[in-house]
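S.K.:
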Amino acid sequence: MRFSYAPLAVALLAQNTVATQNFTISNGQIFTPGFVVVDSPQPGTPMGGETIQVAIDVTADGKLPQPPYDESSPSLIYNISMFMFSYETGRNFSMANSSEALDANILNQEPGSTVKHVNFLWPDCLVGDGQPSDTSSDRGAYNISILQFFRLNNKNHYTIFNLPISVTNSIPKNSARPSCDSINNPLLSPNETISDPTIKTLFGPGDSTTVITSTGNDAKSNNNNDNNNNSSDNNNSNNNSQGGNGNSGSGESDNTNGNGNGNGNGNDANELGTPKTQATPENGLGSGAPV
């Protein structure tokens with residue numbers, strides 16, 4: 001059963017740095033509770049076409065080395081996985097490149113590049129154009145949920161970030177589209193989701209988080225304040241956008257999407273959802289294994 005649909009409006013101010021609906025956005029980049037910086041899409045973007053592309057920087061604009069990592073490093077990313085979910089429709093899709101397995105580690109894609117792209121082929125139940133036609137439609141408001149399992153200065157963390165989009169643009173029929181049921185996962189309630197409440201948005205303008213990236217006499221630290229003067233150059237080198245569920249944006253809200261996973265982006269749960277059954281650090285993330 002669908003909840004009443006209300007279009008999501010995100011007012012982005014015409015300036016370099018904006019905080020909108022608890023999102024920290026600077027020069028088009030969206031910062032998350034982790035090392036991931038979202039390049040695209042922007043929050044609230046109407047989506048369609050053959051695929052949806054999600055572009056993420058996995059180095060927090062150069063504060064973390066590129067993978068593969070030294071396993072003894074005090075700071076690294078274990079895994080990143082993505083879901084697209086909606087409380088309206090009850091759907092929670094595993095997101096992956098069409099050429100990759102659903103449980104493929106995003107970090108292993110595009111070796112040598114700091115930016116990773118997930119080109120998700122829309123599933124068949126989202127074919128159509130415009131707003132949901134009736135209560136049985138699977139089109140409408142969704143969250144792209146980015147799950148990060150990482151080590152920061154010798155402490156492990158697991159966070160969820162939600163980026164809201166609307167599936168309202170035209171999506172044509174294509175025999176290659178996966179069935180929705182084949183990539184769908186059970187939907188968890190807000191109280192069932194797991195996210196580290198101690199981690200707020202990291203590495204955005206004004207954040208002073210220091211990143212230790214090696215050990216011993218060669219220890220290096222990267223203080224975000226030391227790089228603030230270069231943040232514009234770094235941000236302009238990557239195109240960023242966002243949307244989502246869980247510990248999103250500045251992480252000021254107690255619930256995801258207002259009532260969603262982790263510390264949310266302040267959106268109404270009637271508009272957006274939380275991931276269904278999702279991988280946890282114990283499951284290696286991205287496996288879609290039940291919690």
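For the sequence shown, the residue numbers in the UniProt record's numbering are 1 to 291.
The C-beta atom is built at its ideal place from N, Cα and C for all residues, glycine as well.
Could you check the C-alpha separation between PHE83 and PHE93 for me, to the nearest Å?
M.R.: 5 Å
S.K.: Thinking C-beta only, is ARG177 closer than 7 Å to ASP129?
M.R.: no
S.K.: Is it a yes or a no for the segment 25-41 touching the segment 49-59, going by three-plus beta-carbon pairs under 8 Å?
M.R.: Because the criterion of three Cβ pairs below 8 Å is met, the segment 25-41 and the segment 49-59 touch.
S.K.: What ranges does the beta strand (DSSP E) occupy inside the segment 75-147, keeping only unbroken runs of at least 3 residues that lie completely in it?
M.R.: You should have 76-86, 91-95 and 115-121.
S.K.: Taking DSSP's pairing of strands, which residues face ASP57 in a bridge?
M.R.: In DSSP, ASP57 forms a bridge with VAL37 and VAL115.
S.K.: Tell me, which residues are paired with ASN184 by DSSP?
M.R.: PHE93
S.K.: So who's on the other strand from PRO46, going by DSSP bridges?
M.R.: SER166
S.K.: Helix or strand or just coil, what does DSSP make of ASN191?
M.R.: helix
S.K.: Using DSSP with H/G/I as helix, E/B as strand and the rest coil, what is THR159?
M.R.: strand
S.K.: Where do the N-terminal and C-terminal ends of the beta strand (DSSP E) with GLN66 fall, by residue?
M.R.: Looking at the DSSP string, GLN66 is not in any beta strand (DSSP E), and its letter there is neither H nor E.
S.K.: Skipping 5 residues on each side, what residues in its chain have a beta carbon closer than 8 Å to that of ASN227?
M.R.: For ASN227, the predicted structure reports a pLDDT of 43, less than 50, and the residue's modelled location is therefore unreliable. A value from the coordinates is still provided. The residues ASP61, GLY62, LYS63 and ASN234, in chain order, have a CB closer than 8 Å to that of ASN227 in the same chain once the five nearest residues on each side in sequence are set aside.
S.K.: Using 8 Å as the threshold, is the segment 71-90 in touch with the segment 141-157, meaning 3 or more CB pairs across them?
M.R.: yes
S.K.: Mind checking which residues open and close the beta strand (DSSP E) that includes SER26?
M.R.: Per DSSP, the continuous beta strand (DSSP E) segment holding SER26 begins and ends at 23-26.
S.K.: Helix, strand or coil: how does DSSP classify ARG177 here?
M.R.: Note: ARG177 maps to coil in three-state DSSP.
S.K.: PHE149 bridges to which residues according to DSSP?
M.R.: ASN79 and TYR158
S.K.: What's the C-alpha gap between PRO205 and LEU163?
M.R.: 19 Å
S.K.: Determine the DSSP secondary structure at THR51, reduced to helix, strand or coil.
M.R.: strand
S.K.: Nearest CA to the CA of VAL36: which residue from VAL115, SER72 and GLY90?
M.R.: Ranked by how close their Cα comes to the Cα of VAL36, the residues VAL115, SER72 and GLY90 have VAL115 in first place.
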